[in-house]
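Chemist: Residue numbering for the sequence shown follows the UniProt record's numbering, beginning at 1 and increasing consecutively. Here you go, one structure.
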Amino acid sequence: MADHRPQEPREPREPGGPREPQEPQELPEPLELPESDAVPRQTRAPSGSSTDTSPREFGLAWLQGMANDALDPGYAAAARRRSPTTPGSGARRHAPSTAVRLAVAMLVAGLSVGIAVGWRHFTAPADAKARSAVLQDVRVAQSRQDVLAARAEELDAQIRGQQMLAGAGGPLRSVTALRDDAALTAVTGPGVQLTVDQADSTTPILDRDLQFLVNGLWEAGAEAVSVGGVRLRSTSAIRQAGGAILVDNRPVFWPITIDAIGDPEAVQVALVSTAGYGRMLSLKSNYGAGFTVATVGSLTLPGGGTAELRYADVPTSTSTSTSTSASTADRSTDVPTENEPEPTR
């Protein structure tokens with residue numbers, strides 16, 4: 001009967017003589033593995049069973065497991081250290097990172113606010129200086145315009161005096177009457193005084209609102225009207241440039257005073273039924289605009305500047321007292337609106 005027991009391997013013999021016996025080498029100690037990553041231990045079956053495992057087979061299985069799963073324990077330990085729920089150095093390591101980020105964000109925000117505030121303080125004096133310079137230029141120009149207007153009125157008075165010395169009859173009388181009708185001379189008399197003011201810059205009163213109001217005064221029977229101290233003529237225009245109101249290209253400032261010469265009671269009663277008066281009442285009730293009407297016993301309105309020659313003709317007869325060598329536009333009771341073009345100059 002053949003012997004089926006496993007034979008021990010024979011060591012090869014070197015030629016030339018017997019080989020000296022070698023000391024057995026110690027195997028390296030196995031690494032301690034976690035229970036989940038360790039190679040499962042093979043249980044020994046009862047004696048006599050066919051599942052008995054020899055030490056050689058168990059060692060081969062253990063070495064094969066070490067070769068296949070050599071890095072798994074390290075990866076598992078690193079994953080546990082990086083997990084935010086794992087107590088230990090991982091949680092303590094994230095805390096400084098969050099604090100540093102918060103500190104950097106606060107530093108950047110502080111620098112931004114500081115730069116903005118510093119730039120504003122740096123440019124504020126320049127802006128204030130520029131604004132003050134512009135206002136000063138406007139005041140100087142307005143003063144110069146007032147001086148020139150007074151000089152023009154003075155020269156105009158001298159011309160009228162020379163005309164009176166030349167004779168009070170004939171064509172000069174017609175010229176004087178036409179000058180009065182053309183609003184070129186100052187007038188004095190009783191009338192009404194209207195004051196218009198804005199509530200604030202967000203609800204401005206437009207030029208068309210003043211146009212409607214002035215047209216209402218003419219409709220109510222006013223004989224002469226001035227807006228902001230500027231006498232209105234037949235060719236006068238009320239316009240708006242940004243937030244400023246221009247009357248005959250002269251700026252007027254808020255609050256604007258409108259003077260109208262005529263019968264105070266009759267003008268005030270008739271003004272109530274005009275569209276311009278109702279428009280101003282609507283602005284006053286809805287937007288808080290300032291609007292008042294008062295009667296005045298004596299008003300003085302300046303002349304409307306110098307006459308502008310538009311056309312001339314040769315008189316047919318020198319004896320006709322009504323013919324003139326120069327003529328101006330007739331007086332009108334309406335101020336040109338935006339839909340009505342101004343006469344060609």
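No residue lacks a Cβ here, since even glycine has one placed at the ideal position from N, Cα and C.
Rounded to whole angstroms, how far is the Cβ of Val196 from the Cβ of Ile159, which I believe are closer than 8 Å?
Modeler: Incorrect: roughly 35 Å between the Cβ atoms, too far for contact.
Chemist: Please state if the CB of Ala266 and the CB of Gly221 are separated by a distance shorter than 9 Å.
Modeler: Cβ distance < 9 Å, so Gly221 and Ala266 count as in contact.
Chemist: Rank Arg82, Arg120, Ser236, Gln268 by C-alpha distance to the C-alpha of Gln193 and give the top, closest one.
Modeler: Gln193 has its Cα closest to that of Gln268, out of Arg82, Arg120, Ser236, Gln268.
Chemist: Can you tell me which of Leu301, Gly216, Ser234 puts its alpha carbon nearest to the alpha carbon of Ala270?
Modeler: For the residues Leu301, Gly216, Ser234, the minimum Cα distance to Ala270 belongs to Gly216.
Chemist: Pull up the distance between the alpha-carbon of Gly242 and that of Pro190, whole angstroms please.
Modeler: Distance between the alpha carbons of Gly242 and Pro190 is about 34 Å.
Chemist: May I ask you to report which of helix, strand or coil DSSP gives Gly278?
Modeler: Helix, per DSSP.
Chemist: State buried or exposed for Phe212, treating a residue as buried only when at least 16 other CB atoms are found within 10 Å of its CB.
Modeler: It counts as buried.
Chemist: Alpha carbon to alpha carbon, what distance is there between Ala260 and Phe291?
Modeler: Looking at the two C-alpha atoms, the distance is approximately 15 Å.
Chemist: Quick check: what's the CA-CA separation for Ala150 versus Lys284?
Modeler: About 36 Å.
Chemist: Please go through the same chain and pick out, in chain order, the residues whose beta-carbon is closer than 6 Å to the beta-carbon of Arg179, but skip the five residues on each side of it.
Modeler: Thr185.
Chemist: If you draw a straight line from the C-alpha of Glu219 to the C-alpha of Thr235, how long is it?
Modeler: Rounded to the nearest angstrom, the two C-alpha atoms are 17 Å apart.
Chemist: Mind checking which residues open and close the alpha helix (DSSP H) that includes Gln268?
Modeler: Segment 264-272, the alpha helix (DSSP H) holding Gln268.
Chemist: Helix, strand or coil: which one does DSSP assign to Arg41?
Modeler: Any reading at Arg41 is ruled out, since the residue's pLDDT is 48, under 50, leaving its predicted position unreliable.
Chemist: Within 10 angstroms of the Cβ of Leu111, are there 16 or more other Cβ atoms? Answer buried if so, exposed if not.
Modeler: Exposed is the call here.
Chemist: By DSSP, does Leu299 sit in helix, in strand, or in coil?
Modeler: If DSSP states are grouped into helix, strand and coil, Leu299 belongs with the strands.
Chemist: Please return the same chain residues whose Cβ sits closer than 7 Å to the Cβ of Thr123, not counting the five positions on each side in sequence.
Modeler: Contacts found: none.
Chemist: Check whether the Cβ atoms of Val187 and Leu301 lie closer than 9 Å to each other.
Modeler: A contact, by the Cβ cut-off of 9 Å.
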